[in-house]
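Protein chains in written order, with numbering that gives the first Met the number 0: chain A, 0 to 342; chain B, 0 to 342; chain C, 0 to 342; chain D, 0 to 342.
Number of protein chains: 4
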Amino acid sequence: MKVGILNITGYAGCELARILYRHPEVELTSVTGRSAAGQKLAEVFPHLSALDLTISPELEGDLDLVFSALPHKASAEAVIPALEQGMKVVDISADFRLKSADEYEEWYGVPHQDPSYLEEAVYGLAELHREEIKSARLVANPGCYPTSAILALAPAVENGLIEPDIIVDSKSGVSGGGRTLNMTNHFSEVNENVFAYALSGHRHLPEINQELSALTGEAPAVTFLTHLVPMTRGILSSCYAKLRPGEWLDGDNGVQRIRELYQDYYSSHPFVEVTPAPPQTKHTLGNNLCLIYPTVDSRTGRLIVISCLDNLVKGAAGQAVQNMNLMCGFRESESLDALAVYP
Amino acid sequence: MKVGILNITGYAGCELARILYRHPEVELTSVTGRSAAGQKLAEVFPHLSALDLTISPELEGDLDLVFSALPHKASAEAVIPALEQGMKVVDISADFRLKSADEYEEWYGVPHQDPSYLEEAVYGLAELHREEIKSARLVANPGCYPTSAILALAPAVENGLIEPDIIVDSKSGVSGGGRTLNMTNHFSEVNENVFAYALSGHRHLPEINQELSALTGEAPAVTFLTHLVPMTRGILSSCYAKLRPGEWLDGDNGVQRIRELYQDYYSSHPFVEVTPAPPQTKHTLGNNLCLIYPTVDSRTGRLIVISCLDNLVKGAAGQAVQNMNLMCGFRESESLDALAVYP
Amino acid sequence: MKVGILNITGYAGCELARILYRHPEVELTSVTGRSAAGQKLAEVFPHLSALDLTISPELEGDLDLVFSALPHKASAEAVIPALEQGMKVVDISADFRLKSADEYEEWYGVPHQDPSYLEEAVYGLAELHREEIKSARLVANPGCYPTSAILALAPAVENGLIEPDIIVDSKSGVSGGGRTLNMTNHFSEVNENVFAYALSGHRHLPEINQELSALTGEAPAVTFLTHLVPMTRGILSSCYAKLRPGEWLDGDNGVQRIRELYQDYYSSHPFVEVTPAPPQTKHTLGNNLCLIYPTVDSRTGRLIVISCLDNLVKGAAGQAVQNMNLMCGFRESESLDALAVYP
Amino acid sequence: MKVGILNITGYAGCELARILYRHPEVELTSVTGRSAAGQKLAEVFPHLSALDLTISPELEGDLDLVFSALPHKASAEAVIPALEQGMKVVDISADFRLKSADEYEEWYGVPHQDPSYLEEAVYGLAELHREEIKSARLVANPGCYPTSAILALAPAVENGLIEPDIIVDSKSGVSGGGRTLNMTNHFSEVNENVFAYALSGHRHLPEINQELSALTGEAPAVTFLTHLVPMTRGILSSCYAKLRPGEWLDGDNGVQRIRELYQDYYSSHPFVEVTPAPPQTKHTLGNNLCLIYPTVDSRTGRLIVISCLDNLVKGAAGQAVQNMNLMCGFRESESLDALAVYP
C-alpha cells in the first residue's frame, strides 16, 4: 500500500516515518515539507537515513492513504483534495476533530474550510470508535492531551461513577509544542522549570468535552489545565472527580470494583493497560500504550485517575498508524508492538 | 550570634550553610552529621570549602540558636535537649508542625517524643504567624509542599471565596526527596519521567489541613496529590476550588478583585509576590520567594491558584533563616534578598 | 531457540529482554536476578509486562544460549558452568574480554576464575571479528566506551594514518553506571552537572589498547578520559591523534580520502555509519548504530574522529544480540533494525 | 556610581543585572534592548522585578561605566561612542579581545570598526592582567571557553611544563548559545543529547592562542573542540599535553609538584581554586569561581588539566563585574562572593 506524509518535518511527521519503516504492508512513497522541500530526508533527519526519500512541496504519485501532520487550517486545505481524489486520510491536526463548526471557529480563530466533512469524519480514538474507524475514509486523530484525559475518564463517566464536575491536571513534555522555535521550547528557558500555561483555556478542552458528553448525553463541567515539564516526551494526566454515592465508596472493595470496571472496559483494547501501580511516563517511551491507574481518595470520596502516554506515539503518530491499521484491515497493532525504551 | 546545624549533610542542611555564609549577624560554629562525622565540610561539599568547619557527631560549644535538618523523630530527640539548655531552635523536620500528637503518630508511625512541646511550637509560616514567631523559642519550619499550598489558598479560604472542597496538585523537583539514595532519585529512573506518588496520602496533608482549618474554624476537604518532575529544585502547586456565588464570579472584574485581595493579603510580606502572569519555578531558583497567581476558570466557576517556590529555600532553609531573623530581631529578609538564578 | 538472561534486573539485562521480545527465533524462557528472585518480571519492570516471566535465583531449564549481564567475577562464575553444559554464551561483563589474565587481575582486582577460557573467548566486536564470532561458543561483549573508541580509531590505526599517540575523550550518559544506587547516579547530584571521573585510569582502557594493538602489532599510547553527562543514554567519544605525513594532509582532499577510507572499511557492516556531518547521540537512541565522523584539524594536522552510540544497545544489549545472531546463523541485524527514537 | 547595560535582554545582560543588584557601590540606571525597548524589565524578566527599570533603545543619562552584552560588531559600534564620552567600558562581546585586526576579520567575517582601540583594550582576565585592568578604561571580557582553557593551561605553559602541542576538549551547557532561538537550543533537540560542534574551528580559538602565546613568546599548536551538553549552565574543559622530560614526570611526587605550582600561581587570585579532587560544574553554579584540577596520565606522560566554571558568571557577567571592581578600585570580589547553588 502506498502512503504519503504531509509535513514530515514536524515531530509527528517524522515519528510517523519511524513507525511506518517497520510496517510490512506500507510503502512510504511521498513526503512533503515546506521549508525543507528539495532536501533529502536524511539531511533534515539523520536518524531517518535508511529511508531514501526526497522532501517535496506537495504529495506526489498515486497514494492509497495520506497522513497529515500539517498545522490546523493548512491540513484541511491539503487533505480535502486528497479525499476527493479517493485517498484515505488520517489527519493528525485538529481540523476534523470537532463536530461543531462553531466550536472550531471559536477555538481555532478561523472558519472551518468545509464543515460538510465534520459529520463524516470519525474521531480516531479506537477505544471508543473502533467500528466506525474501520469503515471511515477520514479519521481525525485525537489530540495528545485528550487521548490521555478521555481514556482516563470514559469508564467512570459512561458508568455513572462520578459527578459531572471534573478536573484534569495534565503535565506534558516539550515535544508536544512541536519543532517550531519559540521561547517555551528554548532549552535554557524550560530546563529545570515547571509552569502552567493556557490558563484561559486550552484548545484541547472542546475535544474532551465532546467525547465525554457523547458517552452519556450529559455535558460535564471540565476544568483542564496544562503544564510544561522539562522532558522531551510524555504526558501524564491526573484526573479528579467526586464519586457518586454507592458501591464505589466502599474502601478497598470500592477501589477494587473500580479497577475491575476499568479492566473490563478496556479488555479488548491492546493499547490501554490498567496498571497495578501508579504509572510513569517513562514506561511508555516510544510505544503506543496508554497506562491508566484509577484509585480513590478515601478522605474526600474523590476518584483519582492517573493516565500517561507518549505524546508522539499514542498521542499522535502511533495512534494514527493504529487508525490506519483499522481503516485498512491490518492487525490493529501492526508495527506498534515495541516495548517502551527504558530507562 | 553562634549558630549550629544538626545534620548538615542533607540538602536542607547544606543549603542553610550556603545562606548563613552571607549573614552578617551569624557565626556558624558547629555542624553535625552522622556518617560524615570527622570529615572536613569541604570534603563532603566542595562548594562549601570557604567554610572551615569539621563535621562532628553532636553539637559542640555554646550556641544561641540551632537549626535541625534531621529526619523526623531523630530531630525531636536532638532538639529537645538543646531547648532545655536554653538554645532557640528552628526545626526543619516535621516533629513539631502538627498540634495533635495523635495526628503525628498516625502519619509518622511513631508516638511523639514529647507532646508537651507541640503546643509551644509555632508553625513557622511567617505570612500567617509572624508575631508568634518573633517571640518563639521553638519554631517548626513548614514542609515544602504545605508552604506552597497554604500560601496559595489562605487568602481565598480566610475570605470565604471558595467552597471547602479543594484539590492541590503539586509537582516537585527531585531534591525534595533528599540526599539519601533510593530508586526515586536514581537519575536514569526519574530523568525523562513524570509520575504521581503517595496516592494513599502524603504526610504533608495534615499540615495543610491544620493551617487552612485554623483560618476559619472549618475544615476543608483537601485532595492533595504529589508528582515528581525531572528537575532538581522547585515546587509548583496548582490549586482548584469552586468559587462561592458572589462578586468574584464577575468575569474579568471578578478576577481583578481576587487579585487585589491577594495583593492586599500579602502586602506586608517580603517573600510572597502575586504575579501578573503565571509563575515558573525557574523564577525562584535559589531565592526565598513564593510566587502566586490566582485566576478563574470562567467556564466552570472555579478558582485556580498557581504557586511556586524553591523547595530548598522558601520550602526549607530560606524559610528557616527567615524564621531565625524574626526570632532574633534581625531584618526579616537579612541574607535572603538574592535574585533568582536565571536561566 | 531457548534463551536465558543472567541478571535481568540491571539495565543491560532488561534492555536485552526488550530487544529479544521482537526476535522471531528466540524464546526467552529463564531470567535471573538476586534481590528480586521470586518476583514477576512485570513487578520490577512494568514496561516488560508483556513478558510473562518470573525472576529466578538461577537459570532454569534447557537453554541454547545464555546472556550474562552479571557484574565481573560473578559472571565468570555463572557462565563457565553454562558453557560446560553445552550452552552458548554471550557475556556482557568484562570477564572474558582481555586476553591476559594478568591485565585482568591488575584492572579488576581479582584473579581470573579460569584463564583457560580467555584464549577461546572471542572479543565480540563484529566489525573486527565477525568470522570468529560466527563459530564461537563464548563471546565477550565489548564495553560501551571501547566499542565507540575502537570503531572510531580502527580504520586510522590499521591503515597507518596516525601517530601511535592517541587521546580519547568520552562523554557518557548516566545509565552506563548501572541501576545500583550511588551518589554518581543520584539525580540531584548529576543533573545540571558535567565532570570527569576515573582520572587515574578507567577499566575500559586495556580493551582499547588490546584491540588497537592487534590491528598493527604496535601498541599505541592511549590517554582515555571519561566524563559523566546529564542524560540517560548515549556515549560520544572525541578522538585525537596526529596524522602522519602524507596524502591525508591535503586540505579538503585529504579529509575526503579519509572519509572514503572509513566508508570502505565499514561498507559491509550494517551497524556502523560514517556520517556526512558530526553525529549526535540522540540519533542513536534505542538502536544499534555506531555513527562515526572523521575530520582533520587543518591548523594542527590532527585527525579528529567523533563517534557515538547508545551505550545500552550497541554498547551492551544490542551488540550482544548482534553477536547471538552471528553465533546462531541468524540475519546479523535480526530484531535490531529499529530506527532511533527521535527527538 | 551610575552604570548601564547594553543589551540586557540576553543571558549575559540579565545575569549582570542579577549580580549588580547586590553591589553597594553601583546604581544601575540605564538598560537597553532592541526588540523589548519600551517594556518594563519585569515584563521580560520576572525574576528581575525588584529592579524598577524600563528597557530603552539606547543608553540614557550620565553613566560612569557601561557593560556591553551586545553581539560582536554591534558592540563596537555602541561602545566606542561611550568611550569617547568618557565612560569606562567592559565589553562582553569579542570586539576588543584580539590584538590583531586581521585575526578579528578572519574569524568574525567583518572588518574591525576601529582597530586603534585594539591596542588600548585590556584582555580582562584578571588572573593574567590584573594591574593593566586596574588602569584600563576599555576592558575586553574574555570568552567563556577561553577563560576555562587559559586558566587551566597558563601555569603549565608559562613554566615550560608541557610540549607546545595541546588539546582542549570543552563541554558547555546550552545557555552559552544565548537567548536567541535556533535548533541547537530547542529543548527537544538538545535534551538527552551530546554532540561536537564547530569542528572546522571555534571563534574562541584565537583568544586562547593569543593569551597562551603571550606567556612565553612561543605559539603552541592548540586543537580546540567544543561540545554541547544538556544542561543550562557550566563549562568543563579537559586539557591534554605531553609533559616535557623532567621532575614533573616523577609519579605521585611529580603530580604533587604540579599541584603546588598551580596553587602558587593562583595564590593571590580569589576566583581560581585548585581543587583536591576532580571538579564538577555544579560546584560553580551561580558563582564566580574557576575550579582547576591538574593531574598526570602516568601511562603516557601526559598532563591532564580539568577546569570548570559557570559560563554566565566567571565566563561572562561575573568576570565583567570583577573587571569593573578592579577598574573602579572596589574590592575585587565585591558582590561576587556567593557560594555555589548546590545541588
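We put the beta carbon where it would ideally sit given N, CA and C, even for glycine.
Residue j and residue i - do their beta-carbons sit closer together than 9 Å?
{"i": "Ile291 of chain C", "j": "Val271 of chain C", "result": "yes"}
{"i": "Arg232 of chain C", "j": "Asp309 of chain C", "result": "yes"}
{"i": "Pro346 of chain C", "j": "Leu235 of chain C", "result": "Because chain C spans 0 through 342 in this model, residue 346 of chain C falls outside it and cannot be assessed."}
{"i": "Pro154 of chain B", "j": "Tyr261 of chain B", "result": "yes"}
{"i": "Ala125 of chain D", "j": "Leu311 of chain D", "result": "no"}
{"i": "Asn190 of chain A", "j": "Pro23 of chain D", "result": "no"}
{"i": "Tyr341 of chain C", "j": "Phe44 of chain A", "result": "yes"}
{"i": "Lys170 of chain D", "j": "Val193 of chain C", "result": "yes"}
{"i": "Lys1 of chain C", "j": "Asp51 of chain C", "result": "no"}
{"i": "Arg96 of chain C", "j": "Ala139 of chain C", "result": "yes"}
Please state whether DSSP places residue i in a helix, a strand or coil.
{"i": "Pro145 of chain D", "result": "helix"}
{"i": "Cys289 of chain A", "result": "strand"}
{"i": "Phe223 of chain D", "result": "strand"}
{"i": "Thr8 of chain A", "result": "coil"}
{"i": "Ile91 of chain C", "result": "coil"}
{"i": "Thr28 of chain B", "result": "strand"}
{"i": "Leu242 of chain C", "result": "strand"}
{"i": "Arg301 of chain A", "result": "strand"}
{"i": "Tyr196 of chain A", "result": "strand"}
{"i": "Phe186 of chain D", "result": "helix"}
{"i": "Ala337 of chain B", "result": "coil"}
{"i": "Glu42 of chain A", "result": "helix"}
{"i": "Ala77 of chain D", "result": "helix"}
I need the straight-line Cα distance from residue i to residue j, nearest angstrom please.
{"i": "Asp249 of chain C", "j": "Lys241 of chain C", "result": "14 Å"}
{"i": "Asp251 of chain D", "j": "Arg21 of chain A", "result": "56 Å"}
{"i": "His259 of chain D", "j": "Asn286 of chain D", "result": "Per the sequence shown, residue 259 of chain D should be read as Glu rather than His. The straight-line gap from Cα to Cα measures roughly 24 Å."}
{"i": "Leu288 of chain C", "j": "Leu47 of chain A", "result": "12 Å"}
{"i": "Phe223 of chain C", "j": "Ala36 of chain D", "result": "50 Å"}
{"i": "Gly344 of chain D", "j": "Pro163 of chain D", "result": "Because chain D in this structure spans residues 0 to 342, residue 344 of chain D falls outside the shown range and cannot be described."}
{"i": "Thr280 of chain A", "j": "Ser134 of chain D", "result": "58 Å"}
{"i": "Ile79 of chain D", "j": "Val320 of chain D", "result": "20 Å"}
{"i": "Glu118 of chain A", "j": "Thr28 of chain A", "result": "30 Å"}
{"i": "Ile166 of chain D", "j": "Leu58 of chain C", "result": "49 Å"}
{"i": "His128 of chain C", "j": "Val121 of chain C", "result": "8 Å"}
{"i": "Leu160 of chain C", "j": "Trp247 of chain C", "result": "7 Å"}
{"i": "Tyr107 of chain D", "j": "Asp101 of chain C", "result": "54 Å"}
{"i": "Val221 of chain D", "j": "Thr299 of chain C", "result": "7 Å"}
{"i": "Ser55 of chain C", "j": "Ser334 of chain A", "result": "31 Å"}
Mind checking which residues open and close the alpha helix (DSSP H) that includes residue i?
{"i": "Lys133 of chain C", "result": "Ala125 to Lys133"}
{"i": "Pro163 of chain A", "result": "Counting along the chain, Pro163 of chain A falls outside any alpha helix (DSSP H), though it belongs to the beta strand (DSSP E) covering Ile161 to Ser171."}
{"i": "Glu119 of chain D", "result": "Ser115 to Glu119"}
Counting along the chain, where does the beta strand (DSSP E) carrying residue i start and finish?
{"i": "Val273 of chain D", "result": "Val271 to Val273"}
Contacting positions in the segment 13–29 of chain B - beta carbon closer than 8 Å to chain C
none
So if I threshold CB-CB distances at 9 Å, which residues from the segment 228–261 of chain C count as touching chain D?
Val228, Pro229, Met230, Thr231, Arg232, Gly233, Ile234, Leu235, Ser237, Tyr239 and Lys241
Give me the subset of the segment 291–308 of chain D whose CB atoms are less than 9 Å from a CB atom of chain C, sorted by chain position.
Tyr292, Thr294, Asp296, Ser297, Arg298, Thr299, Gly300, Arg301, Ile303, Ile305 and Cys307
Could you run through the segment 183–216 of chain B and flag, in chain order, every residue whose CB is less than 7 Å away from some CB of chain C?
Asn184, His185, Phe186, Ser187, Val189, Asn190 and Glu191
For the segment 312–341 of chain A, enumerate the residues whose C-beta is nearer than 9 Å to any C-beta of chain C, in chain order.
Cβ contacts with chain C come from Asp336, Ala337, Leu338, Ala339, Val340 and Tyr341.
Residues within the segment 265–290 of chain C neighbouring chain D, beta-carbon criterion of under 8 Å:
Pro277, Pro278, Gln279, Thr280, Lys281 and Leu284
Contact residues within the segment 145–175 of chain D, judged by C-beta distance below 7 Å to chain C
Ile166, Asp168 and Lys170
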